[in-house]
Each structure stands twice: as C-alpha cells, then as structure tokens.
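In what follows, a structure is listed as structure tokens, so that the remarks can point back to it.
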Amino acid sequence: VKKLIILFYYMFKGSIVALITPFKNDKLDEKNYIDLIHYHLKNGTHGIVPGGTTGESPTLSHDEHKKIINLSIKECKGKIPVIAGTGSNSTAEAIELSKFADKAGADALLIVTPYYNKPTQEGLYQHYKKINDNVGIPIIIYNIPSRSVIDMSVETMTRLFELKNIVGVKDATGDLNRADQQLKAMGKDFIMLTGEDGNALEFNKRGGKGCISVTANIAAKLCSELQELSLSGSADSLSKAETINNLLMPLNKALFIESNPSPVKYAASLLNLSPDDVRLPLVKIKESTKEEVKKALQHAKLI
C-alpha cells in the first residue's frame, strides 16, 4: 500500500504535543526536558513533536535541536511516535536536519512551509519534494500562514501527497473549510491534524485525526481524553468531549494572548512543570496576561 499509509493512519493521531523546550540560565535543561516527556507518557499523550515552533526552534542551536530530537526518541522508546520538527526556510538546512532525525530513529518529520523567502506554489512543491527525496520516513506538511506568510494551496498539497513520504498536514490556517477541501481532494488516507487547539473538536468532526497541541503541554490528560472521545465517534463520547472542550476553551485562548510559547511556559511554571524562561526576542508575559492564564487554568480545574 502506498507509503504503508494504513500503518501511519493509525499511528499519527490524537493529542500530539508540540513540546516546549525548558531553559536554565539560557541553556537547554536536559533533565527538565526528560521530565516533561515522562509527564506526557504518564498522561496519555499520543505523540511528541520536539523542535516545533512551541519548542522555540528558531532560537535553538543546531546542536540543541538535535539533542532534543535524540532525547525524545530515547525516552519515548517507541511507546508513542516522535514527529521531529525539522523545517527551515533553507531547503539544504531542512534536508540536513531531516536526514539527522531519520537516522536517529524519529517516526516522522514535521516540515514547516518556508518562512520569509515567500516561495511560489511551485517553489513550495520543489522544497518538499527535495526533502522527500532525501529521507525514508513520513513527512507531515506544516501549513501556518500566520507565521510563514505563505499559504500552501490544496492543489499543491494534493500534488505533494503523490510523493512517497508525504502523508498529511498540520493545518494551522484556522479555516475549518480547509479540512473539508483537503478531505475532498485527497480522501481519508491523508492524515489531517489541526494546529489550533480551539478548533480541535470541530476539526475531528470534519475528518481530522487529531491535534498538534500547545495546550497539551499543561493539560496533557484533558487533551488526550478529548481526542480519544472525539475520535471514537459515538454520540455519548462526543457529548463528553464537548464538556472537556468547554473546560479548555478559555485556556486555548489565553495561551495566545501574547506570542507562543511565552504564555504556555508561564502556565507550566505555575504547575511546577518547568520555568517560564524564553529566549530573546521572546520575553516573559505581562502581569495582565498572567492573570488571564491563571483564570483559564482555574476554569480548567488545573489549579
């Protein structure tokens, strides 16, 4: 079967955390990182993304980026998939990092559309094709126009899905109609994961298979339960999923009052999961935002 699609279809789903990267004195805190991974293993998270946007990949050194990929693979031990964030606006750099993750034993790659360069749709196609041709593991396209400026069209995505390693998308457009369009164009074998916690439940109703989540960093159990219930399909399960969704909705919003991941790192510090240190040009959140995050955590019964 093309790309062993059936295996991946069942492998990449549910609550997949875009893991924060903890710092101590501006250095990667490896012990804290390992603790975070075990928090997710214990609380039902279905997959881990090291080195995504929430992991502050733009300000990680290449050594640090490789280190967190290695730590994730080593600690997860095949219990849950590791989808390594290896995108770059330089195709050569993305290939180098992707080949490293492939060799290290990652289960898949999350590749963001190239930011800043503003490639055409043909440029996007060639970027992903070149990475596809250099690795042997599944690739999930990360489409996030709010950060990358460019938006990959459904047509380009459909072309890419014909390649051997392209298996799905992390859709962070915030447009639920895209889920409908992608499903129609590529069918249910194309793995659709939302990048927006706020639309996770509705996205799954439209054929999505899960969420690459920011909120899961601090509400791992609630996020994994929401996903399991919403993917089970029964009316009773959907009703329970709605209840959890209502608990989480203020939190989903509060975590984006200021630039991600500063708010989620503050929330993690309140839960004693990790400190709220971020790297410049990001800064810690304002007092008014702290109050909103606290209120949202209380609403979700997390504090």
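So the sequence shown is numbered by this note's numbering: it starts at 2 and just counts up by one.
Even for Gly, the Cβ is constructed at its ideal location relative to N, Cα and C.
Given the structure is predicted, the values throughout are model-derived calculations rather than measurements.
Query	Result
Backbone CA spacing between residue 13 and residue 235 [nearest angstrom]	21 Å
Identity of the residue in 254, 123, 117 and 85 nearest residue 105 by Cα	85
Helix, strand or coil at residue 58 [DSSP, three-state]	helix
Residues that residue 286 bridges to, as DSSP identifies them	According to DSSP, residue 286 bridges with nothing at all.
Local conformation of residue 157 per DSSP, three classes	helix
C-alpha gap between residue 67 and residue 108, whole angstroms	15 Å
Completely contained alpha helix (DSSP H) runs for the segment 9 to 81, where each covers 4 or more residues	31 to 43 and 63 to 77
Cβ neighbour criterion (16 or more within 10 Å) applied to residue 215	buried
Three-state secondary structure assigned by DSSP to residue 223	helix
Spatially closest choice to residue 161 from 127, 90, 137 and 190, by CA coordinates	127
Beta-carbon contacts of residue 159 that lie in its chain and below 7 Å, excluding the five residues immediately before and after	186 and 187
In DSSP terms, what residue 113 is bridged to	143
Beta strand (DSSP E) runs wholly inside the segment 199 to 243, at least 3 long, in chain order	211 to 214
Cα-Cα separation, residue 238 to residue 94	43 Å
Boundaries (first-last residue) of the alpha helix (DSSP H) holding residue 169	From DSSP, residue 169 is part of no alpha helix (DSSP H) but of the beta strand (DSSP E) over 167 to 172.
Alpha carbon of residue 138 to alpha carbon of residue 166, nearest angstrom	6 Å
DSSP three-state assignment for residue 194, whether helix, strand or coil	strand
Test item: CB-CB of residue 148 and residue 173 under 9 Å	yes
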